[in-house]
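Some notes on the structure that comes next.
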Amino acid sequence: MSEATSNPTMTAAELEDKKNKEAYFTAGQMELVWSRFKRNHSAMWGARVLILLIMMGVFAPFLSPYNPTIEGRDKTYQNGAPQIPKFWDENGFSFRPFVYTHSRERSAATNFRWVSKEDREARRYVELFVRDWKYNFIDLTLDLPGDTLDIDIQMFESNLHLFGVDKGMLHIFGTDAPGKDIFGRTLHAIYTSLAVGTIGVVISFVLALFIGGISGYFGGKLDAVIQMITDAVRTIPTIPLFMALAAFIPDEWSAELRFFFISVILGLIGWPTLARRVRTHLLTERTQEYVLAAQLCGASAAHVIKRHLLPSFTSYIIVDLVISFPYMVLSETALSFIGLGLKDPINSLGVMLQNVTKADVLLNYQWYFIPVFFFMALVLSFVFVGDGLRDAADPYSDHK
Amino acid sequence: MFQFGQFVVTRAFMAVITLLTVSFIVFTLMEMVPANCAERYLSYKSFSGAKITAADIAAEEKRLGLDQPYVLRWGKWVGNVFFKGDFGQSCILRVGINQLLGQKFLLSLGICLASLIFAYMIAIPAGIYSASSNNKAVNNFVRFFSYLGLAMPNFLLALMIMLASTILFGDSLTGLFSKEFRDAAWSYERVQDFLSRVWLPVFILGWSATAFALQTVRALMSDENGKLYVTAARARGLSGWPLLWRYPARHALGPIVNSLGFDLNRVFNELPIIALILTLTEAGALLFEALARSNDQQLAGAIIFLLTASIVTVNFLTDILLAIIDPRVWRSIMGGN
């Protein structure tokens, strides 16, 4: 059966080429998208950064040496500058990187103010795989107002951390006012912001599919009515909507519940744009012959939408989801920034950014700005990956 | 022509319906905020030592008409707004809303529209270029720079510019007017002073809006670029910008004109944050104040209503504009059925 025997003059290179071509013409849509995506360098770099950031978020407890909440604060090093591990100083060279011990004191000599002192003799050596505070790799706790709906999943308890020091603590990104480790907080903040974004995107996605699906598939008067409602929802400014809804969050709600509620609201507000796209796709697809064929076979509307229409633009939906993700993260940060979103015990990027705005921080504690760079990297990588996916999913983009 | 008139009337009718729906939602939201006007008025009295009973509150509610059914009160509010342009009184500040707002809403609207124009002035050429060019380095640079506006939190940008200008020029650039013009009447000098300060919020808001605009333009352009009519135009010997402007860009820009109203909404959402940092005295700051601090339902409701009215108006105008340019738009709606 093989082509090589039927055509003996074909060289190995030609054969390889032919095989590639055949693979190209028989490839599924996802494979095509991936092969086009791979050729886009800026998108690939975005994807690498994004995966790195997601990993940092997911493995935050393992990577951060100290508990990012108030329990893990360093009392002897508050508002402390980042400590960069060194290999040598005037006291000699060491194979193991080290930092110095800091102590705080207040006495008549310091005019009764707290003064931080660095002790260059007392070195703290960096160690790998240290045991410190306990955490769970999978940790889902949600305490909803009722008793029956509580979710409490905690698995894979561990106290292993990637690095630490032999005595005292090490803060590679410095500490904030109460002495919490900014490195650990940043990693946990990435996780929180990603989680808010995911919940928000999933909720708005389901709503958009449902509403846009009905509107696009049935068309006509139903479509007109749904479109008018969608437009009305899109016209209401989100920030005031949020503020009104935030007034409902009782003060006694736990930080986790607040976080869950905020993500749900983000999802409930975010659906109209996506719903419109789904509708437009469906409006053009529903007159195609394969839909008519399915209808003639007696398929129900739900079946036609689910099995025939949705798969026809899955790639577009994925692209839309990736594109809308950074806007969810941005809404979260904006809300937390004006004090309506997440609040301090929770580490989210919005909460971290809020800390940056004090004049004191701008002038004296510049290391508070480190999370800002992570935030920018997260948004930029999402946008570039979204653009790359969009181009890759577009069947017309190939001929360039 | 008759059909076109019919289209305009239908659109206007739909705009009014949307506005009514939105006003109902806004009114409901404002009602949901705890404590009503009667309790507010009386809480002042309780400061001065007088005892307040439930009967007092009920009497006050009756005096203010708060005991009437909900829909009736909404109707009254909307009626006053539509026919008299009167938003009623703020019960926290006890001043007429119209007097409180004054020109502030127009200022905010102006800032938002200016930022939108700024954003699209960058996004349209950059998006067309980015979707059509093969020069990867320039393309990536243009996109990176535009997206930076989105990724860089706008309050941070505001803070950094303020800090830089304080160090370099000794003026923090905050506020919309400098001291001597704050309460002055409009004059040539005041306009000059205003323009020398207003560019900062416009720039910040515009840059962060650029990213979204660019993404949209780019997506629409690359959808059009591969189509056969573009190839056909290319075969006729057209190339470069003349080709792009004449063929794909015309198609691609339609949906953008259509969504201008919603873009206005997005920009206005960011305004309170910028206003907070730059201490701007306009409606965005007032809205934030009313919602997050003083809980002033009437003031917030009025601002949100004015904003949605502007969005609906912009949407209506762009619809008509598009229909004039492209007859298929109204034929597809009016003609088919």
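For the protein sequence lines, the chains are A and B, in the order given. Here the numbering used here is used: position 113 in the first sequence is 113, and no number is missing along the way. Here the numbering used here is used: position 321 in the second sequence is 321, and no number is missing along the way. Glycine is no exception: its CB is placed at the ideal position from the N, C-alpha and C atoms. Note that the coordinates shown come from a computational prediction; the quantities given were computed from them, not determined experimentally.
Which residues in chain B sit within 8 Å of residue i, going by Cβ to Cβ distance?
i: isoleucine 338 (chain A); result: Pro272, Ile273, Leu276, Phe288, Ala292
i: methionine 228 (chain A); result: Met14, Ile17, Thr18, Thr21
i: aspartate 387 (chain A); result: Arg143, Gln215, Arg218
i: leucine 362 (chain A); result: Leu159, Leu163
i: leucine 160 (chain A); result: Here the premise fails: no neighbours, minimum Cβ distance about 34 Å.
i: leucine 241 (chain A); result: Leu29
Could you tell me the boundaries of the beta strand (DSSP E) in which residue i lies?
i: phenylalanine 155 (chain B); result: Note, phenylalanine 155 (chain B): premise wrong, no beta strand (DSSP E); alpha helix (DSSP H) at 154-169.
i: valine 99 (chain A); result: 92-105
i: tryptophan 367 (chain A); result: Neither: tryptophan 367 (chain A) is in no beta strand (DSSP E) and is coded neither H nor E.
Whose Cβ in chain B lies nearer than 7 Å to the Cβ of residue i?
i: threonine 333 (chain A); result: Pro153
i: aspartate 231 (chain A); result: Thr18
i: methionine 376 (chain A); result: Ala151, Met152
i: serine 42 (chain A); result: Asn140
Please report the straight-line C-alpha distance between residue i and residue j, rounded to a whole angstrom.
i: glutamate 118 (chain A); j: serine 103 (chain A); result: 7 Å
i: valine 217 (chain B); j: alanine 131 (chain B); result: 8 Å
i: arginine 234 (chain A); j: phenylalanine 262 (chain B); result: 7 Å
i: asparagine 275 (chain A); j: serine 324 (chain A); result: According to the sequence displayed, residue 275 (chain A) carries alanine and not asparagine. So the alpha carbons of these two residues sit roughly 12 Å apart.
i: lysine 21 (chain A); j: leucine 220 (chain B); result: 30 Å
i: threonine 281 (chain B); j: isoleucine 229 (chain A); result: 33 Å
i: alanine 235 (chain B); j: isoleucine 311 (chain B); result: 42 Å
i: tyrosine 368 (chain A); j: alanine 208 (chain A); result: 38 Å
i: asparagine 337 (chain B); j: aspartate 319 (chain B); result: Per-residue confidence for asparagine 337 (chain B) stands at a pLDDT of 39, beneath the threshold of 50, marking its modelled position as unreliable; no derived number is given.
i: asparagine 269 (chain B); j: proline 237 (chain A); result: 6 Å
i: glycine 200 (chain A); j: leucine 321 (chain A); result: 11 Å
i: asparagine 139 (chain B); j: phenylalanine 87 (chain B); result: 49 Å
i: leucine 156 (chain B); j: isoleucine 370 (chain A); result: 13 Å
i: histidine 281 (chain A); j: isoleucine 317 (chain A); result: 10 Å
i: aspartate 193 (chain B); j: phenylalanine 169 (chain B); result: 16 Å
i: leucine 287 (chain B); j: serine 108 (chain B); result: 11 Å
i: serine 2 (chain A); j: lysine 19 (chain A); result: Residue confidence for serine 2 (chain A) is low, a pLDDT of 47 falling below 50, so the modelled location carries little weight; the figure read from the coordinates is stated next. Cα to Cα, serine 2 (chain A) sits roughly 11 Å from lysine 19 (chain A).
i: arginine 36 (chain A); j: glutamate 224 (chain B); result: 19 Å
i: serine 348 (chain A); j: alanine 334 (chain A); result: 11 Å
i: serine 239 (chain B); j: serine 215 (chain A); result: 40 Å
Can you list the residues of chain A that residue i reaches, using a CB-CB cut of under 7 Å?
i: alanine 213 (chain B); result: By Cβ distance, chain A contributes nothing, its closest Cβ being about 13 Å from alanine 213 (chain B), past 7 Å.
Exposed or buried, residue i, counting other C-beta atoms within 10 Å across all chains shown (16 or more means buried)?
i: proline 178 (chain A); result: exposed
i: arginine 246 (chain B); result: exposed
i: glycine 5 (chain B); result: exposed
i: serine 222 (chain B); result: buried
i: glycine 298 (chain A); result: exposed
i: glutamine 297 (chain B); result: buried
i: asparagine 134 (chain B); result: exposed
i: leucine 160 (chain A); result: exposed
i: methionine 32 (chain B); result: exposed
i: asparagine 40 (chain A); result: buried
Under DSSP, the alpha helix (DSSP H) around residue i begins and ends at which residues?
i: phenylalanine 177 (chain B); result: Phenylalanine 177 (chain B) -> no alpha helix (DSSP H), and no H or E assigned at all.
i: tryptophan 88 (chain A); result: Segment 86-89 is the beta strand (DSSP E) holding tryptophan 88 (chain A); no alpha helix (DSSP H) there.
i: tyrosine 290 (chain A); result: 289-296
i: asparagine 338 (chain B); result: Absent from the structure is residue 338 (chain B), since the part of chain B shown begins at 1 and ends at 337.
i: tryptophan 241 (chain B); result: 240-246
i: glycine 200 (chain A); result: 182-218
i: methionine 169 (chain A); result: Per DSSP, methionine 169 (chain A) belongs to no alpha helix (DSSP H) and is neither H nor E.
i: glutamine 354 (chain A); result: 349-354
i: histidine 41 (chain A); result: 41-58
i: serine 132 (chain B); result: 104-132
i: lysine 76 (chain B); result: 70-79
i: glutamate 270 (chain B); result: 260-278
i: tryptophan 199 (chain B); result: 188-225
i: phenylalanine 83 (chain B); result: Element bounds for phenylalanine 83 (chain B): n/a, residue is neither H nor E.
Just the chain A side, please: which residues come within less than 8 Å of residue i by C-beta, in chain order?
i: isoleucine 128 (chain B); result: Here the premise fails: no neighbours, minimum Cβ distance about 15 Å.
Could you work out which residues of chain A lie near residue i, taking near to mean beta carbons separated by less than 9 Å?
i: phenylalanine 82 (chain B); result: Within chain A, no residue comes near phenylalanine 82 (chain B); the closest Cβ sits about 17 Å away, beyond 9 Å.
Name the chain B residues that come within less than 9 Å of residue i, Cβ to Cβ?
i: threonine 238 (chain A); result: Asn265, Arg266, Asn269
i: threonine 357 (chain A); result: Phe155, Leu156, Leu159, Ile277
i: arginine 390 (chain A); result: Gln215, Arg218, Ala219, Ser222
i: valine 372 (chain A); result: Met152, Pro153, Leu156
i: leucine 353 (chain A); result: Pro153, Phe155, Leu156
Is there at least one non-hydrogen atom of the ligand NAD closer than 8 Å to the beta-carbon of residue i?
i: arginine 123 (chain A); result: Within the structure as shown, the ligand NAD is missing, as the structure has no ligands at all.
Find the residues of chain C that neighbour residue i, judging by a C-beta separation of less than 7 Å, and give them in chain order.
i: phenylalanine 262 (chain B); result: Of the protein chains in the structure, A and B, none is chain C.
Worksheet item: Taking any Cβ of chain A, which residues in the segment 144-168 of chain B have a Cβ under 8 Å from it, in chain order?
Response: Phe144, Tyr147, Leu148, Leu150, Ala151, Met152, Pro153, Phe155, Leu156, Leu159, Leu163
Practice prompt. Anything in the segment 305-320 of chain B with a Cβ closer than 7 Å to a Cβ of chain A? List those residues in chain order, please.
Written response: Leu307, Thr308, Ile311, Val312
Worksheet item: Which residues, taken in chain order from the segment 98-110 of chain B, show a beta carbon closer than 8 Å to some beta carbon of chain A?
Response: none
Worksheet item: Closer than 7 Å, Cβ to any Cβ of chain B: which residues of the segment 293-315 of chain A, in chain order?
Response: none
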